[in-house]
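Peer 1: Per this note's numbering, the very first residue in the sequence shown carries number 6; after that it's consecutive.
Just so it is clear, CB atoms sit at the ideal spot from N, CA and C, and this is done for glycine as well.
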Amino acid sequence: MPPRCPTASWPRWWPGSPALTTKCASDARWNARLRSRACWINCVPSPDDERLDALTEAIVRLLRRVGELERRLDRLEHPGQGTTAASPAADPRPSGPASPPEVAPEPVAAPVLGPLETRFGLTLINRIGVLTLVIGFGFFFRYAVESRWIGETGRVLTGVAFAALAFAAGERAWRSGQRVFAQGLTGAGAAILYLSLYAAFALYGLIPLSAAFGAMSLAVAAAAGLAIRYRSAAIAALALAGGYITPPLLGAGEDSPWFVLGFVLLLSAAAVWLPRWLPWRGFHLLALAASFASYSLSVRFQPENRLPGTIFALATFALFAPLGRVASAGAHLLAFWVIAGIWQPEPRPRIVLTLILLAASLALAGWRRSPAAALAALAAFYIGWWTWPGSSFFFLSSGFLMLCLSGAGIRMVERPGAETAGFWTLLSFAFNAPLYFTASYPLLEAGSRAWLAVGIAVLHLGLAAWLRNRDSRLASLCAGLAWAFLTLAVPSLLDGYRATMVWALEGAALAWIAHRTSRRLAGWAGIGCLALAVIRLSVIEAGVYPQPWLYAAVLNARFLVFATVAVSFWAAAYWLPKEPRALLVYLAGHLVMLWNLGLEVAGWAARNVAPEDFRSVNNAALSTLMAAYAVLLVAAGRWPAGAAASRANRVLGLSLIGLVVLKLYLYDVWLLGRLYRIAAFSALGALLLLMSYLYSRRQAAGPR
Numbered sequence: 006m007p008p009r010c011p012t013a014s015w016p017r018w019w020p021g022s023p024a025l026t027t028k029c030a031s032d033a034r035w036n037a038r039l040r041s042r043a044c045w046i047n048c049v050p051s052p053d054d055e056r057l058d059a060l061t062e063a064i065v066r067l068l069r070r071v072g073e074l075e076r077r078l079d080r081l082e083h084p085g086q087g088t089t090a091a092s093p094a095a096d097p098r099p100s101g102p103a104s105p106p107e108v109a110p111e112p113v114a115a116p117v118l119g120p121l122e123t124r125f126g127l128t129l130i131n132r133i134g135v136l137t138l139v140i141g142f143g144f145f146f147r148y149a150v151e152s153r154w155i156g157e158t159g160r161v162l163t164g165v166a167f168a169a170l171a172f173a174a175g176e177r178a179w180r181s182g183q184r185v186f187a188q189g190l191t192g193a194g195a196a197i198l199y200l201s202l203y204a205a206f207a208l209y210g211l212i213p214l215s216a217a218f219g220a221m222s223l224a225v226a227a228a229a230g231l232a233i234r235y236r237s238a239a240i241a242a243l244a245l246a247g248g249y250i251t252p253p254l255l256g257a258g259e260d261s262p263w264f265v266l267g268f269v270l271l272l273s274a275a276a277v278w279l280p281r282w283l284p285w286r287g288f289h290l291l292a293l294a295a296s297f298a299s300y301s302l303s304v305r306f307q308p309e310n311r312l313p314g315t316i317f318a319l320a321t322f323a324l325f326a327p328l329g330r331v332a333s334a335g336a337h338l339l340a341f342w343v344i345a346g347i348w349q350p351e352p353r354p355r356i357v358l359t360l361i362l363l364a365a366s367l368a369l370a371g372w373r374r375s376p377a378a379a380l381a382a383l384a385a386f387y388i389g390w391w392t393w394p395g396s397s398f399f400f401l402s403s404g405f406l407m408l409c410l411s412g413a414g415i416r417m418v419e420r421p422g423a424e425t426a427g428f429w430t431l432l433s434f435a436f437n438a439p440l441y442f443t444a445s446y447p448l449l450e451a452g453s454r455a456w457l458a459v460g461i462a463v464l465h466l467g468l469a470a471w472l473r474n475r476d477s478r479l480a481s482l483c484a485g486l487a488w489a490f491l492t493l494a495v496p497s498l499l500d501g502y503r504a505t506m507v508w509a510l511e512g513a514a515l516a517w518i519a520h521r522t523s524r525r526l527a528g529w530a531g532i533g534c535l536a537l538a539v540i541r542l543s544v545i546e547a548g549v550y551p552q553p554w555l556y557a558a559v560l561n562a563r564f565l566v567f568a569t570v571a572v573s574f575w576a577a578a579y580w581l582p583k584e585p586r587a588l589l590v591y592l593a594g595h596l597v598m599l600w601n602l603g604l605e606v607a608g609w610a611a612r613n614v615a616p617e618d619f620r621s622v623n624n625a626a627l628s629t630l631m632a633a634y635a636v637l638l639v640a641a642g643r644w645p646a647g648a649a650a651s652r653a654n655r656v657l658g659l660s661l662i663g664l665v666v667l668k669l670y671l672y673d674v675w676l677l678g679r680l681y682r683i684a685a686f687s688a689l690g691a692l693l694l695l696m697s698y699l700y701s702r703r704q705a706a707g708p709r
């Protein structure tokens, strides 16, 4: 153990004491005297002093590093100016290590294409070009059939040759580094190959069913292999889609259910297996939706199909149920729906099979400890029964479901330590009132249904007021239910266009409430009311005047309703927080107003123009109206009402001008004959692919 330094016991006034040393550390004479005294005493410095010195040196190094980073950042922000920052003060400790020399930052190469330009110019245009080219090829096939240009065998061989050329070009583009362009060419080749094989069987009868099925299966397998090679989710999705549409296209479902359902199950297993190699995780959802379609289109619910349908429904359930929530819910729905449909005339097997499946679903939910899975199983069970005719226990089942949800909610509310309602409690409250209203609706007269909705709304409004200081989430849910039932009662209590106006004003009022209370849910409720108003506009108010001479221009009820809805949209956009949904609401208001003015223009043209000239005059007047509205928007964008609002008006005006130009220059294309339409589609698709190829070459070349 080192001896204790004698200076620790010196008086504070004695030269060399620690206090005086700290006070006079900047004096060179005192430092020299202290060093000589320390050498004379031959004392060892304490560990605390060593640690303090080390910390001081570390702080000095950090300060130097911060200064270097600040100067480097200043040079990056102002590359054309000299660095004017003053050099850091000299280090008062001469013993500190010298700072490393500054290294100029390496220039970062700017990307060849920005993310938005890459997505639009490379990926999106490539996909649109492929789709356009495939549509043009389909038009060509149909025209060739009707015009008899070439023989049937020659048409099929031409399609296969085009597909082979597309595959070869895709492989060449892939090897040269043009990945996205290669994926587009390969997808086009797969689609053309599907069309050619389908034409060989269905249109021309050149090959039998077994050969067509085998050939299309090989095409699906080849497309899937190329998708894995190119790591392209788009090609894989196209391969799966081609596989699923093969049975209905070939009409191979009614006579061979075992073969078709086995093929569909094999495709579904491949869809579950594909995410191991490809980045997209949505294959199983695509397969699940396609399984629904395959059961609906390929297999008729006949007595001879009951056994294969049941087996493959259960196998599909076992395949998809262990996956994510959406896939599991879809698997439950598919299994219950198929079994309920196949065994509909036989009640005993139907009940036994559905109860066994329900027990297995609940056991799976218990094993996964997922209440959501249990609720999905119950919902799928009821939907499977309700979607088929002959299910007469609607009231019993709805009451049973309501009791289950209520019991679960009460159990969770009464759970010890639960201060607020959880998700399932909220869900039970959300389902109780709608189920009760649905069950009671057929029992009441037409005039009493609206008052039932009002009564439920008043009840939930009182619950919301009572729960406001106890449970804010449950209070918000009750308030939302009250709003929903009041909205539901409005069309029955008010006549005609007044209901639409009330819905629109209600939406604006809810947006104002969201603005004052900072509750996003109220804002979404307001948007829902406005959406209901738009639906009512399109269904009722837009056709309220069957003849144009029944109303005057502008001074009519329809114009007033449309204008009220548009102004309500604009008011809601003003009160909603400045976010994307507010911009969409603002845009919707302009669309409603344009719709309103367009109806007025059409009415004016019908009243004042001869019938044979109505189409031309109406189109020209609509184009003029859109252009004038765009000019007004751009002019409004120059007013100093706010940078964001002004920019939105200008962008909206420019976009509307672009639509007018597209309407003027592209509308006549659809009036051409079939041959010119084929040429237009083919040329447009080729030009889009050429543009995508140029973007791909530039992207692959990198910075020069």
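Can L245 and L272 be called in contact, C-beta distance under 9 angstroms?
Peer 2: yes
Peer 1: Between G314, A205, A653 and L231, which lies nearest to G219 when the distance is taken from Cα to Cα?
Peer 2: A205
Peer 1: What does the alpha-carbon distance come out to for the pair V566 and V161?
Peer 2: 57 angstroms
Peer 1: Less than 6 angstroms between C-beta atoms, sequence neighbours within five positions excluded: which residues of the same chain meet that for L468?
Peer 2: C483
Peer 1: Anyone know if the C-beta pair for W488 and A516 falls short of 9 angstroms?
Peer 2: Contact flag unset, no.
Peer 1: For the alpha helix (DSSP H) containing Y502, name the first residue and the last one.
Peer 2: Y502 to T522
Peer 1: Express the C-alpha separation of A527 and W580 in angstroms, rounding to a whole number.
Peer 2: 12 angstroms
Peer 1: By DSSP, does E584 sit in helix, in strand, or in coil?
Peer 2: coil
Peer 1: Go through its chain and collect everything with a Cβ distance to G247's Cβ below 6 angstroms, but skip five positions before and after it.
Peer 2: The beta carbon of G247 lies closer than 6 angstroms to those of Y199 and V225 in the same chain, with the five residues before and after it left out.
Peer 1: Three or more C-beta pairs closer than 8 angstroms, one from the region 209 to 223 and one from the region 167 to 174: is that the case here?
Peer 2: no
Peer 1: Taking one C-beta from the region 592 to 606 and one from the region 562 to 578 each time, how about it: are there three or more such pairs within less than 8 angstroms?
Peer 2: yes
Peer 1: Distance check for P262 and A275, CA to CA, integer angstroms please.
Peer 2: 20 angstroms
Peer 1: Is it the case that the region 327 to 344 contacts the region 289 to 297, given that we only count it when at least three CB pairs across the two stretches are under 8 angstroms?
Peer 2: yes
Peer 1: E786: buried (16+ other C-beta within 10 angstroms of its C-beta) or exposed?
Peer 2: Here the chain comprises residues numbered 6 to 709, so residue 786 is not present and cannot be evaluated.
Peer 1: Verify whether the separation of the beta carbon atoms of A229 and A238 is less than 9 angstroms.
Peer 2: no
Peer 1: Less than 9 angstroms between the beta carbons of P553 and A626, yes or no?
Peer 2: no
Peer 1: What do you reckon, are the CB atoms on S299 and V331 nearer than 9 angstroms?
Peer 2: In this structure, S299 keeps its C-beta atom at 9 angstroms or more from the C-beta atom of V331.
Peer 1: Span of the alpha helix (DSSP H) holding W179?
Peer 2: E157 to R180
Peer 1: Thinking A195 and L243 are a contact (beta carbons under 8 angstroms), I'd like their distance in whole angstroms, please.
Peer 2: A Cβ-Cβ distance of about 5 angstroms is found for the pair A195 and L243, placing them in contact under the 8 angstroms criterion.
Peer 1: For A115, I'd like the list of residues in its chain whose CB is within less than 6 angstroms of its CB, leaving aside the five on either flank, ordered along the chain.
Peer 2: Caution is warranted here: a pLDDT of 40 is assigned to A115, below 50, making its placement in the model unreliable, and the coordinate value is therefore given only provisionally. Answer for A115: no residue qualifies.
Peer 1: Ignoring anything shorter than 4 residues or poking outside the region 554 to 641, list the alpha helix (DSSP H) runs there in chain order.
Peer 2: 562 to 580, 585 to 613 and 619 to 641
Peer 1: Look up K28 in the DSSP assignment and say whether it is helix, strand or coil.
Peer 2: Only weak support exists for where K28 lies, its pLDDT of 46 falling under 50; the value from the coordinates is given anyway. K28: helix per DSSP, three-state reduction.
Peer 1: Buried or exposed: which applies to A480, given that a residue is buried once 16 or more other Cβ atoms fall within 10 Å of its Cβ?
Peer 2: buried
Peer 1: Taking the alpha carbon of G164 as the reference point, which residue from G189, E584, L138 and R234 has its own alpha carbon closest?
Peer 2: L138
Peer 1: Please return the same chain residues whose Cβ sits closer than 7 angstroms to the Cβ of A545, not counting the five positions on each side in sequence.
Peer 2: Reading off the sequence, residue 545 comes out as Ile, not Ala. Cβ neighbours of I545 beyond the five flanking positions: none.
Peer 1: Which residue comes first and which comes last in the alpha helix (DSSP H) that contains L328?
Peer 2: Here L328 belongs to no alpha helix (DSSP H), and DSSP marks it neither H nor E.
Peer 1: Given a cut-off of 9 angstroms, decide if T505 and L542 are closer than it, judged by their beta-carbon atoms.
Peer 2: yes
Peer 1: Straight-line CA distance for S558 to A607?
Peer 2: Here residue 558 turns out to be Ala, not Ser, going by the sequence shown. Roughly 10 angstroms between the two C-alpha positions.
Peer 1: To the nearest whole angstrom, what separates the beta carbons of G485 and A530, a pair I think is in contact under 8 angstroms?
Peer 2: 6 angstroms
Peer 1: Leaving out the 5 sequence neighbours to the left and right, which residues in its chain are closer than 7 angstroms to A193 when beta-carbon positions are compared?
Peer 2: V135, L138, V139 and A171
Peer 1: For S299, name the three-state secondary structure that DSSP assigns.
Peer 2: In the three-state reduction of the DSSP assignment, S299 falls in the helix class, which pools H, G and I.
Peer 1: So, are the CB atoms of R184 and Y235 less than 9 angstroms apart?
Peer 2: For the pair R184 and Y235, the CB atoms are nearer than the 9 angstroms cut-off.
Peer 1: Can you check whether the CB of G594 is closer than 9 angstroms to the CB of A571?
Peer 2: yes
Peer 1: Is V636 buried or exposed, if buried means 16 or more other CB atoms sit within 10 Å of its CB?
Peer 2: exposed
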